[in-house]
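Novice:
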Amino acid sequence: MRLAREGKNAQRLAGAGERVLELLDLSLTSDKTAPQLREFARLREVLADIIIESGYYTVPLQMLEKYCLDFALVARK
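The opening residue of the sequence shown carries number 0 in numbering that gives the first Met the number 0; numbering runs sequentially from there.
1) Could you name each continuous alpha helix (DSSP H) segment of 4 residues or more that falls completely within the segment 8-44, going from the start of the chain to the end?
2) Flag Ala13 as yes if its beta-carbon sits less than 8 Å from any beta-carbon of chain B, otherwise no.
3) Within this structure, are the beta carbons of Val58 and Val45 separated by less than 8 Å?
4) Let's see if you can read the secondary structure: which residues bound the alpha helix (DSSP H) around Tyr55?
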């Protein structure tokens, strides 16, 4: 998503945005515990705000990328 935004490719950005929201929606329908679902729900909310550029949240995309990468690294261990 970040690469599509930096490259100013609107079609790729829209596709990446749709895909990430779709994956988060699928995760939210799983049978995980409430704290995990809360994290996914908040992430979905912030990403949707970034995608539609409403400016409600002022979180840089790079910060979210690092946040998600940290979780991915912990999950691999």
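All residues carry an ideal CB built from backbone N, CA and C; glycine is no exception.
Since we're looking at a predicted model, the values are computed, not measured.
Specialist: Per the coordinate set shown:
1) 9-27
2) This model lacks chain B altogether, as it is built from one protein chain only.
3) yes
4) It is not in any alpha helix (DSSP H) - Tyr55 carries neither H nor E in the DSSP assignment.
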